Amino acid sequence: MRSVIDTLDLTVEEIQSLIDTAEDIAHNPQNYAEKCKGKKLATLFFEPSTRTRLSFEAAMLELGGSVIGFSDAGSSSASKGESVADTVKVISCYADVIAMRHPREGAPLVAAHNASIPVINAGDGGHCHPTQTLADLLTIHREKGRLDNLTVGFCGDLKYGRTVHSLIAALSRYTGIKLVLISPEELRVPGYVTKGVINEAGMPYRETESLEDAMPELDVLYMTRIQRERFSDIDEYERLKDSYILTLEKLASAKSDLIVLHPLPRVNEISVKVDDDPRACYFKQVMNGKLMRMALILKLLGAVDEPDSHPIPDGALINEICCHNPACITKVEQELDQVFKPVAPGVYRCIYCESKAKI
Ligand code: NCD
Numbered sequence: 267m268r269s270v271i272d273t274l275d276l277t278v279e280e281i282q283s284l285i286d287t288a289e290d291i292a293h294n295p296q297n298y299a300e301k302c303k304g305k306k307l308a309t310l311f312f313e314p315s316t317r318t319r320l321s322f323e324a325a326m327l328e329l330g331g332s333v334i335g336f337s338d339a340g341s342s343s344a345s346k347g348e349s350v351a352d353t354v355k356v357i358s359c360y361a362d363v364i365a366m367r368h369p370r371e372g373a374p375l376v377a378a379h380n381a382s383i384p385v386i387n388a389g390d391g392g393h394c395h396p397t398q399t400l401a402d403l404l405t406i407h408r409e410k411g412r413l414d415n416l417t418v419g420f421c422g423d424l425k426y427g428r429t430v431h432s433l434i435a436a437l438s439r440y441t442g443i444k445l446v447l448i449s450p451e452e453l454r455v456p457g458y459v460t461k462g463v464i465n466e467a468g469m470p471y472r473e474t475e476s477l478e479d480a481m482p483e484l485d486v487l488y489m490t491r492i493q494r495e496r497f498s499d500i501d502e503y504e505r506l507k508d509s510y511i512l513t514l515e516k517l518a519s520a521k522s523d524l525i526v527l528h529p530l531p532r533v534n535e536i537s538v539k540v541d542d543d544p545r546a547c548y549f550k551q552v553m554n555g556k557l558m559r560m561a562l563i564l565k566l567l568g569a570v571d572e573p574d575s576h577p578i579p580d581g582a583l584i585n586e587i588c589c590h591n592p593a594c595i596t597k598v599e600q601e602l603d604q605v606f607k608p609v610a611p612g613v614y615r616c617i618y619c620e621s622k623a624k625i
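Here our numbering is used: the first residue of the sequence shown is 267, the next is one more, and so on.
Following this line, the structure appears as structure tokens:
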């Protein structure tokens with residue numbers, strides 16, 4: 267069973283083929299209007315969403331399929347204490363593909379291990395958000411004409427911003443990418459991204475607190491919201507929430523062909539005055555997200571016979587240690603094995619949330 271839990275579940279070739287399909291859908295939508303006739307998408311959203319859920323639903327409807335699901339954990343049996351594993355075993359009897367958003371990191375992987383239909387991760391806690399990355403990649407490809415040789419600045423909440431983690435992982439496989447990571451000290455990119463992805467790929471990067479300093483060198487500026495719901499200390503959120511606000515004045519030192527991206531929702535980190543600047547591409551990203559989700563649904567529904575894409579890795583430690591991340595799905599899912607994959611000699615990471623094991 268083929269599921270997409272992490273950006274790296276798709277090869278560079280597969281991403282290019284999704285981009286090609288998305289472009290074809292954009293130009294010839296009538297050719298796709300019945301491609302998923304008789305098929306059902308289940309949207310299981312245990313956490314608030316506007317764009318991602320409606321984008322998945324619009325994508326399936328435009329492919330001629332139908333949609334079932336819920337948009338609030340309170341209206342599902344999760345509120346009665348049902349596990350993710352049981353929920354998806356049930357949904358597998360009703361639908362052909364699942365899109366799941368969950369506040370717990372690793373919940374969609376638990377779903378992939380238990381469902382008999384493909385699972386798409388629509389965002390798990392502060393961890394990953396691979397389909398937003400597909401929207402981002404199509405936007406960069408359309409606007410810049412390439413996915414390599416770019417200096418990409420990520421600005422804002424790089425610690426909890428799951429879209430940042432997934433896009434960095436995707437970019438790590440293209441050549442000539444330089445990263446500028448712009449955040450307050452407290453909201454830097456987590457270790458599993460810097461050590462596990464950026465260093466592993468040998469991508470040059472620098473960390474800075476100054477958006478103004480970084481601006482002139484950037485080809486892409488990826489702004490993010492400070493993720494209020496993930497802070498355990500609300501005073502820290504209050505202190506950091508206005509760290510970066512992109513204005514027309516700050517854009518004055520940027521390249522004329524810079525593109526400004528944002529996964530949305532925006533709070534106040536981009537002034538609305540920037541929206542009319544030709545470099546602002548965040549509303550184009552929304553349309554591109556729907557096109558890429560259409561391409562992905564088509565791909566997964568056409569590949570149901572492929573082998574399990576998320577087997578337990580060789581050399582994994584099972585139930586020998588416990589994950590220490592309080593946001594990990596292992597903290598709440600009934601009788602779930604604690605599984606740690608080896609990533610370097612003596613170094614293990616939880617397969618669900620990627621936190622490093624303390625041995
Ligand atoms: C993002 C998310 O949910 O992570 N939104 C989205 O899916 N487009 C970004 C955010 O919530 O800040």
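Cβ coordinates follow ideal geometry from the N, Cα and C atoms, glycine included. Computed from a prediction, not measured in an experiment: that's the story for all the values here.
What are the boundary residues of the alpha helix (DSSP H) that includes residue i?
{"i": "K355", "result": "350-357"}
{"i": "E279", "result": "278-293"}
{"i": "N380", "result": "373-380"}
{"i": "I500", "result": "500-506"}
{"i": "T309", "result": "No alpha helix (DSSP H) holds T309; the beta strand (DSSP E) holding it covers 306-311."}
{"i": "A593", "result": "No alpha helix (DSSP H) holds A593; DSSP gives it neither H nor E."}
{"i": "V455", "result": "Unbroken run through V455: none, as it is neither H nor E."}
{"i": "R428", "result": "428-437"}
{"i": "A480", "result": "477-480"}
In this structure, how does DSSP classify residue i when only helix, strand and coil are distinguished?
{"i": "G462", "result": "helix"}
{"i": "R408", "result": "helix"}
{"i": "M326", "result": "helix"}
{"i": "E572", "result": "coil"}
{"i": "N297", "result": "helix"}
{"i": "R319", "result": "helix"}
{"i": "K346", "result": "helix"}
{"i": "T417", "result": "strand"}
{"i": "A582", "result": "coil"}
{"i": "A623", "result": "coil"}
{"i": "A365", "result": "strand"}
{"i": "P577", "result": "coil"}
{"i": "R496", "result": "helix"}
{"i": "P396", "result": "helix"}
What first and last residue would you give for the beta strand (DSSP E) that runs through residue i?
{"i": "S332", "result": "332-336"}
{"i": "Y548", "result": "Per DSSP, Y548 belongs to no beta strand (DSSP E); it is in the alpha helix (DSSP H), 548-567."}
{"i": "L487", "result": "486-489"}
{"i": "D390", "result": "385-390"}
{"i": "Y471", "result": "471-474"}
{"i": "V446", "result": "443-448"}
{"i": "C616", "result": "613-616"}
{"i": "A610", "result": "605-610"}
Hey, residue i and residue j: beta-carbon distance below 8 Å or not?
{"i": "Y488", "j": "V418", "result": "yes"}
{"i": "G568", "j": "A401", "result": "no"}
{"i": "I406", "j": "V486", "result": "yes"}
{"i": "T309", "j": "A351", "result": "no"}
{"i": "A288", "j": "L527", "result": "no"}
{"i": "R319", "j": "F311", "result": "yes"}
{"i": "L447", "j": "L416", "result": "no"}
{"i": "M481", "j": "S438", "result": "no"}
{"i": "R532", "j": "G392", "result": "no"}
{"i": "D603", "j": "N585", "result": "yes"}
{"i": "K306", "j": "S332", "result": "yes"}
{"i": "A436", "j": "L484", "result": "no"}
{"i": "L564", "j": "L329", "result": "yes"}
{"i": "P396", "j": "D272", "result": "yes"}
If you measure from the CB of residue i, is any heavy atom of the ligand NCD nearer than 7 Å?
{"i": "S315", "result": "yes"}
{"i": "D407", "result": "A quick correction: the sequence has His, not Asp, at residue 407. Not under cutoff, so the answer is no."}
{"i": "P529", "result": "yes"}
{"i": "G389", "result": "yes"}
{"i": "T490", "result": "yes"}
{"i": "T309", "result": "no"}
{"i": "R428", "result": "yes"}
{"i": "T460", "result": "no"}
{"i": "Y399", "result": "With the sequence shown as reference, residue 399 is identified as Thr, and Tyr is not the correct amino acid for it. Not so, every heavy atom of the ligand NCD lies at least 7 Å from the Cβ."}
{"i": "H395", "result": "yes"}
{"i": "T273", "result": "no"}
{"i": "T287", "result": "no"}
{"i": "Q493", "result": "yes"}
{"i": "T318", "result": "yes"}
Beta carbon of residue i: closer than 7 Å to some heavy atom of the ligand ADP?
{"i": "Y503", "result": "By its list of ligands, the structure shown excludes the ligand ADP, since it contains just the ligand NCD."}
Could you give the uninterrupted runs of the beta strand (DSSP E) lying entirely in the region 508-551, keeping only those of 3 residues or more?
Runs found: 525-527.
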